[in-house]
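K.L.:
Residue numbers (my numbering): 13 to 167.
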Amino acid sequence: MTETLNPKLALVAAHCTRRGWRFSALPNRPVIKVNYNVGGVRWSAFVKAEEHDSYVVVRAVHPEPIAPEHRAAVMEFITRVNFGILVGNFELDLVDGELRFKTSLQLNGGELTDAMVGGLFDANNSLYPRYRRYLLDVIEGTSNPEEAFVEAEGR
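1. For a quick check, are the C-beta atoms of Asn136 and Val70 less than 8 Å apart?
2. Would you say the region 28-43 touches the region 113-125, given that touching needs at least three Cβ pairs under 8 Å?
3. Taking buried to mean at least 16 other C-beta atoms within 10 Å of its own C-beta, is Phe102 buried or exposed?
4. Kindly indicate which residue of Ile151, Leu139 and Glu152 has the alpha-carbon position closest to the one of Glu165.
5. Just to confirm, are Gln61 and Lys114 a CB contact at a threshold of 8 Å?
6. Would you kindly work out how many angstroms separate the C-alpha atoms of Cys28 and Val46, rounded to a whole number?
7. Leaving out the 5 sequence neighbours to the left and right, which residues in its chain are closer than 7 Å to Val24 when beta-carbon positions are compared?
8. Could you name the residues that DSSP lists as bridge partners for Ser224?
9. Using DSSP with H/G/I as helix, E/B as strand and the rest coil, what is Asn18?
10. Mind listing, in chain order, the continuous alpha helix (DSSP H) runs of no fewer than 4 residues lying wholly within the region 63-108?
11. Hey, Leu132 and Ser66 are a contact pair by Cβ (cut 8 Å); roughly how many whole angstroms apart?
12. Between which two residues does the beta strand (DSSP E) carrying Arg112 extend?
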């Protein structure tokens with residue numbers, strides 16, 4: 013499959029293969045969908061890397077859209093989380109409820125390396141699962157956003 017990918021995505025695909033992650037290219041788009049399991053949590057991420065663009069973006073997508081009645085609470089929780097995150101951020105589409113965690117890299121004319129790809133995935137794969145349990149508490153209404161954040165941060 014890597015022969016049909018642009019060089020950046022071919023490098024991403026090789027990285028995924030080396031780590032044992034299943035992936036597939038999206039037809040007619042510079043995007044790879046990666047399915048993985050980190051810390052017992054399964055989800056998908058989409059990696060976008062256009063050949064002539066200087067960005068590589070990894071977006072982990074929460075498996076279910078956030079219901080309209082929970083979006084305000086989720087928005088508060090992820091805003092609290094985003095304020096302290098050094099790399100990446102949560103995003104919530106207020107129209108359809110899609111929740112994702114994004115990490116990205118700007119190459120500024122440099123060459124993408126396997127270590128850079130690994131850094132993008134490692135940040136994404138450590139932060140999304142770290143906050144997922146607390147996010148689910150907010151979605152299920154068993155914790156309010158502030159309580160969930162304080163607990164997540166161990167304060």
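Glycine included, C-beta positions come from ideal geometry on N, C-alpha and C. Treat the numbers as computed from the prediction; the structure is a model and nothing was measured.
P.N.:
The short version:
1. yes
2. no
3. buried
4. Leu139
5. First, the amino acid is wrong: residue 61 is Ala here, not Gln. Result no, Cβ atoms of Ala61 and Lys114 do not sit closer than 8 Å.
6. 8 Å
7. Ile44, Val59, Ala61 and Val129
8. No information on residue 224 is available, as it lies outside the stretch 13 to 167 that the chain covers here.
9. coil
10. 83-96
11. Contact doesn't hold; Cβ gap of about 14 Å is too wide.
12. Leu111 to Gln118
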